[in-house]
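Written below as C-alpha cells is the structure these notes are about.
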Amino acid sequence: MAGMVTGDREVFVFSDDKQMVKSAVERWLVMASEAIAREGRFTIALSGGKTPVGFYRELACCNQGIAWEKIHIFLADERFVPFDDEASNYRMIKENLLDSVAVPAENIHPISTQETSPDLSAKSYEAHLRDFFKLRLGERPTFYLIMLGIGEDGHTASLFPDTVSWTEKDRLVVAVRSKKLSSERISLSLPVINSAKNIIFLVSGKRKARIIKAILEENNESVPAALVRPKQGTTMFLLDADAGRDISPQDKRFSL
Ligand code: 6PG
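Using the working numbering, the first residue of the sequence shown is number 332, and each one after it goes up by one.
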C-alpha cells in the first residue's frame with residue numbers, strides 16, 4: 332500500500348480490492364469508536380454502487396464489539412424507486428449489511444421514495460435531517476462520516492456533472508434528473524457533503540483511473556467529485572491499484 336498526502340486529501344493505493352476493503356473496515360471501526368467517545372453516537376451516510384458491496388459484506392462479518400445502538404445510518408443518495416426494486420440503494424445496503432447487524436430499526440434512516448415525486452422525497456429527507464440533527468435555519472448537518480464513490484464522469488453520490496444538482500447552495504437534499512439516468516435520484520447536496528467531519532472515497536477498477544488522475548493531479552474542478560473538500564474535515568481516497576494506476580507517486584504534490 333502506498334500512502335500520499337495531497338493538501339487536505341489523503342490518498343492510499345492498495346494492491347487489490349480486498350486490501351482496500353480491509354483498510355476501509357479498519358478505518359470505519361476506528362472512526363466509530365472515536366465518534367462514540369466524542370459525540371455519543373456515530374452518524375454516517377452510505378452510498379450505493381458496486382464498489383462498496385464488498386465493504387458492506389466485510390463489515391457485516393466483523394461486527395462483534397460494535398455499539399450498533401449508537402450508530403445512525405443515513406443514505407448519501409437514492410434512486411426514486413420502491414425499496415424492493417433492484418436499483419434501490421437502501422435494498423442493497425440492507426441486504427449486504429443491515430440485515431446482518433444489530434442496528435436498531437430507529438437508527439436506520441433511508442431516503443423515503445413513497446412520495447409522489449423526487450422533489451417531495453428530497454424535501455421530506457431534508458425535514459428528517461433538520462429534525463434529527465436539531466438544525467436551526469441556515470445550519471447544515473455534520474455527519475461524522477460520509478462514504479462516497481466516484482463515477483467515470485466524476486459524479487459522486489447522485490450529483491452528476493450534466494445536472495444543476497451540484498450547484499445547489501441552500502438545500503440539504505436535492506432531486507436529480509438527467510436523460511442519461513434510468514431513474515430520477517435524490518442526493519445529499521454538495522454543501523452537506525462538505526460539512527462532514529470525514530469523507531472516505533472508495534474507488535476501484537481501471538475504468539476510474541482517468542477521473543482519479545484528473546481530480547487528484549490535474550486540479551480538474553469541473554466535476555462534482557473534485558469539489559468534495561470539507562473545510563473542517565478530512566478527505567480520504569482509498570483506491571485499488573487499477574484505479575490509482577495513473578497517479579504518479581513522484582509528483583511533487585504528493586509526499587509518501
Ligand atoms: C450510486 C452512487 C454513485 C456511485 C458511483 C460509483 O448510488 O450509484 O452513490 O455515486 O458511488 O456511481 O459506482 P460504482 O461503485 O458502481 O462504480
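Here a beta-carbon is modelled for each residue, glycine too, at the ideal position from N, C-alpha and C.
Under the three-state reduction of DSSP, E341 is assigned to strand. Given a length threshold of 4 residues, each whole run of the alpha helix (DSSP H) inside the segment 367-433 is given here in chain order: 384-392, 420-427. When the five nearest sequence neighbours on each side are left out, the beta carbons in the same chain lying within less than 6 Å of the beta carbon of V505 are those of A453, S496, E499, S518, S520, in order along the chain. With contacts defined by Cβ atoms closer than 7 Å, A527 and P492 do not form a contacting pair.
At a threshold of 6 Å, G480 counts as near the ligand 6PG, since its beta carbon sits closer than that to one of the ligand's heavy atoms.
For S452, the uninterrupted alpha helix (DSSP H) run begins and ends at 449-463, by DSSP.
Between L406 and N420, the C-beta gap is smaller than 7 Å, which places the two residues in contact. Take R471, set aside five residues on each side of it, and the residues of its chain with a beta-carbon closer than 8 Å to its own are L503, P522, V523, S526, in chain order. Distance from the CA of A540 to the CA of D571, rounded to the nearest whole angstrom, comes to 10 Å.
When S455, R538, I367 are compared, the shortest CA-CA separation from T382 is found for R538.
In the structure shown, V356 falls within a helical segment according to DSSP collapsed to helix, strand and coil.
Counting along the chain, I542 sits inside the alpha helix (DSSP H) bounded by residues 540-548. Assignment of N438 by DSSP, reduced to helix, strand and coil, places it in the helix class. Excluding five sequence positions before and after E400, the CB atoms of its chain that fall closer than 8 Å to its own CB belong to A433, V434, P435, N438, given in chain order.
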